[in-house]
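Peer 1:
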Amino acid sequence: MDHQLRLSYSTTITKTTSHMRISAGPSTAAADSVGSESGRGVQWVIMGEPGAKKHLYAERLSKLLEVPHISMGSLVRQELNPLSSLYKQIANAVNQGKLVPEDIIFGLLSKRLEEGYRRGETGFILDGIPRTRMQAEILDQIADIDLVVNFKCTEEHLMKKHLGTGTYSSCRDFHSMSNAGSNLNLHLQDDQLKSSTADIGGSWKEKLRIYAEQSKPVEDYYRMRRKLLDFQVAGAPGETWQGLLAALNLQHINAVSSSQKLSA
Numbered sequence: 027m028d029h030q031l032r033l034s035y036s037t038t039i040t041k042t043t044s045h046m047r048i049s050a051g052p053s054t055a056a057a058d059s060v061g062s063e064s065g066r067g068v069q070w071v072i073m074g075e076p077g078a079k080k081h082l083y084a085e086r087l088s089k090l091l092e093v094p095h096i097s098m099g100s101l102v103r104q105e106l107n108p109l110s111s112l113y114k115q116i117a118n119a120v121n122q123g124k125l126v127p128e129d130i131i132f133g134l135l136s137k138r139l140e141e142g143y144r145r146g147e148t149g150f151i152l153d154g155i156p157r158t159r160m161q162a163e164i165l166d167q168i169a170d171i172d173l174v175v176n177f178k179c180t181e182e183h184l185m186k187k188h189l190g191t192g193t194y195s196s197c198r199d200f201h202s203m204s205n206a207g208s209n210l211n212l213h214l215q216d217d218q219l220k221s222s223t224a225d226i227g228g229s230w231k232e233k234l235r236i237y238a239e240q241s242k243p244v245e246d247y248y249r250m251r252r253k254l255l256d257f258q259v260a261g262a263p264g265e266t267w268q269g270l271l272a273a274l275n276l277q278h279i280n281a282v283s284s285s286q287k288l289s290a
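Sequential numbering from 27 applies to the sequence shown in my numbering.
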């Protein structure tokens, strides 16, 4: 396959790091991938701390750059259908509190990318994976990732936002991180979950601690390859969006898109 989209996947994964095109840096990678000589769309990964609402920005970037937003959680949930050949495997893993095997996770992703390729898609905004270094290495066997946007939130920002309302958002973190695979949490919904102020404070601090500990290997993996862009979430969504556009050198595309909408 051309368009630099490698869609082969084997359940036998080695930890040997594949040869990749190394960008000059996150900002350059963003600019280059938007106007790549191959003509393909960007192939970006969105990751971030619980509470950063990264899925919202992933969706907006998807529309702006005209590439699909692929949510790994949504792909897995689609298979929780009795008609699916994977239903029993996924349902059993979830019901037993086990992890959805990585061969299933990446098999679903490969299938989605292949279907998109046949429809003419050449890029994507990927949300929800990788969660471990091994998953990042596997992903490198499936696609050429241009950039990883890593959403960061200060603890003060999260506490002010979530403790102030007595609620917190699940942020579509559908599967927890583990070295063994991905565990689909069927109990989380996209609406806000009610809880007491004290419980929220403790749960969020613990959630952030766990995330920071388990995401570090993934961040280090992409940082070493100069593909990681740390982005600090601050202020209202509109302010954060404008800051994100600036960090990604996308203001000109947003301006053209807005102009076209106004003239339509």
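Note that CB positions come from ideal geometry on N, CA and C, so glycine has one too. Because the structure is a prediction, the values reported are computed rather than measured.
#1: Of all the options Gly65, Arg138, Gly77, Trp70, which has the alpha carbon lying nearest to the alpha carbon of Pro263?
#2: Pop quiz: Arg106 and Ala117 are said to be a contact at Cβ under 8 Å. What is the actual Cβ separation, rounded to whole angstroms?
#3: Using C-beta distances below 6 Å, list every residue in its chain close to Ala273, excluding the 5 sequence neighbours before and after it, in chain order.
#4: Which of the three DSSP states, helix, strand or coil, is assigned to Leu271?
#5: Taking the straight line between their C-alpha atoms, what separation do you get for Ser241 and Arg159?
#6: Go to Gly74, then tell me how far its beta strand (DSSP E) extends in each direction, as first and last residue.
#7: When you compare only the Cα positions, how much space is there between His278 and Gly146?
#8: Tell me which residue opens and which closes the alpha helix (DSSP H) that Asp129 is part of.
#9: Rounded to a whole number of angstroms, what is the C-alpha to C-alpha distance between Glu92 and Trp70?
#10: When the Cα atoms are used, what is the spatial distance from Arg66 to Arg235?
#11: Check whether chain C comes within 8 Å of Gln240, counting only Cβ atoms and requiring the distance to be less than that.
#12: Are the CB atoms of Arg144 and Leu101 nearer to each other than 8 Å?
#13: Beta carbon of Pro108, beta carbon of Phe150: below 8 Å?
#14: Measuring CB to CB, does Val174 end up less than 8 Å from Leu82?
#15: Count the other C-beta atoms from every protein chain shown that fall within 10 angstroms of the C-beta of Asn121, then say buried if there are 16 or more, exposed otherwise.
#16: At which residues does the beta strand (DSSP E) containing Lys178 begin and terminate?
#17: What does Ile164 pair with, by DSSP beta-bridge criteria?
#18: Among the candidates Ala169, Ala281, Arg251, whose CA atom is the shortest distance from the CA of Ser136?
#19: Who are the Cβ neighbours of Ile48 in its own chain at under 7 Å, not counting the five residues just before and after it?
#20: Need the endpoints of the alpha helix (DSSP H) that Leu91 sits in, please.
#21: Nearest-angstrom Cα distance between Ala162 and Tyr247?
#22: Within the continuous alpha helix (DSSP H) that includes Leu101, where are the two ends?
#23: What does the alpha-carbon distance come out to for the pair Lys114 and Ile130?
#24: Nearest-angstrom Cα distance between Arg294 and Val244?
#25: Tell me the DSSP secondary structure of Ile116 in three-state form.
#26: Give me the Cβ distance between Met98 and Asn176, rounded to the nearest whole Å; I'm assuming they're in contact under 8 Å.
Peer 2: Straight from the coordinates:
#1: What you label residue 263 is simply residue 237 of the sequence shown in a count that begins at 1. Residue Gly77 is the option with its Cα nearest to Pro263.
#2: In the sequence shown, counting from the first residue as 1, residue 106 sits at position 80. In the sequence shown, counting from the first residue as 1, residue 117 sits at position 91. Note on residue identity: the sequence assigns Leu, not Arg, to residue 106. Indeed, because the Cβ distance is near 6 Å, the residues count as touching under 8 Å.
#3: Residue 273 sits at position 247 when you count from the first residue of the sequence shown. Closer than 6 Å at Cβ, skipping near neighbours: Phe257.
#4: Within the sequence shown, the letter at position 245 stands for residue 271. In the structure shown, Leu271 sits in a helix (DSSP, three-state: H, G or I).
#5: Position 215 of the sequence shown, counted from the start, is the residue given in the question as residue 241. Position 133 of the sequence shown, counted from the start, is the residue given in the question as residue 159. For Ser241 and Arg159, the distance between alpha carbons rounds to 9 Å.
#6: Walking along the sequence shown from the start, residue 74 turns up at place 48. Element bounds for Gly74: 69-74.
#7: Position 252 of the sequence shown, counting from 1, holds the residue named residue 278. Position 120 of the sequence shown, counting from 1, holds the residue named residue 146. Cα to Cα, the separation comes out at about 25 Å.
#8: Sequence index remark: in the sequence shown, residue 129 carries index 103 (1-based). 128-144 is the extent of the alpha helix (DSSP H) around Asp129.
#9: As a working mapping, residue 92 is identified with position 66 in the sequence shown. As a working mapping, residue 70 is identified with position 44 in the sequence shown. Roughly 12 Å between the two C-alpha positions.
#10: Residue 66 sits at position 40 when you count from the first residue of the sequence shown. Residue 235 sits at position 209 when you count from the first residue of the sequence shown. Cα-Cα distance, rounded: 37 Å.
#11: Among the chains in the structure shown there is no chain C, since it carries only a single protein chain.
#12: Your numbering for residue 144 matches position 118 in the sequence shown. Your numbering for residue 101 matches position 75 in the sequence shown. Cβ distance not < 8 Å, so Arg144 and Leu101 don't count as in contact.
#13: If you number the sequence shown from 1, residue 108 lands on position 82. If you number the sequence shown from 1, residue 150 lands on position 124. Contact: no.
#14: Stepping through the sequence shown from its first residue, residue 174 is reached at position 148. Stepping through the sequence shown from its first residue, residue 82 is reached at position 56. Taking 8 Å as the Cβ cut-off, Val174 and Leu82 do not qualify as a contacting pair.
#15: Counting from 1 along the sequence shown, the entry for residue 121 is found at position 95. Asn121 should be labelled exposed.
#16: Position 152 of the sequence shown, counted from the start, is the residue given in the question as residue 178. Run containing Lys178: 173-179, per the beta strand (DSSP E) assignment.
#17: Taking the first residue of the sequence shown as 1, we reach residue 164 at position 138. Ile164 is not bridged to any residue.
#18: To locate residue 136, count along the sequence shown from 1; it is residue 110. Selected option, being the one with the closest Cα: Ala169.
#19: As a working note, residue 48 is residue 22 in the sequence shown. Any reading at Ile48 must be qualified, since the residue scores a pLDDT of 29, below 50, and its modelled position is unreliable; no value is offered.
#20: In the sequence shown, residue 91 corresponds to position 65, counting from 1. Start and end: 80-91.
#21: Locating residue 162 in the sequence shown gives position 136, counting from the first residue. Locating residue 247 in the sequence shown gives position 221, counting from the first residue. Between Ala162 and Tyr247, the C-alpha separation is close to 8 Å.
#22: For the purposes of this step, residue 101 is taken as residue 75 along the sequence shown, with counting starting at 1. Unbroken alpha helix (DSSP H) run through Leu101: 98-104.
#23: Translated into the one-based positions of the sequence shown, residue 114 becomes position 88. Translated into the one-based positions of the sequence shown, residue 130 becomes position 104. Straight-line Cα distance between these residues: approximately 12 Å.
#24: As displayed, the chain neither begins before 27 nor continues past 290, which places residue 294 out of reach and without an answer.
#25: Translated into the one-based positions of the sequence shown, residue 116 becomes position 90. The answer is helix: DSSP assigns Ile116 an H, G or I state.
#26: As a working mapping, residue 98 is identified with position 72 in the sequence shown. As a working mapping, residue 176 is identified with position 150 in the sequence shown. So it is not a contact: roughly 16 Å between Cβ atoms.
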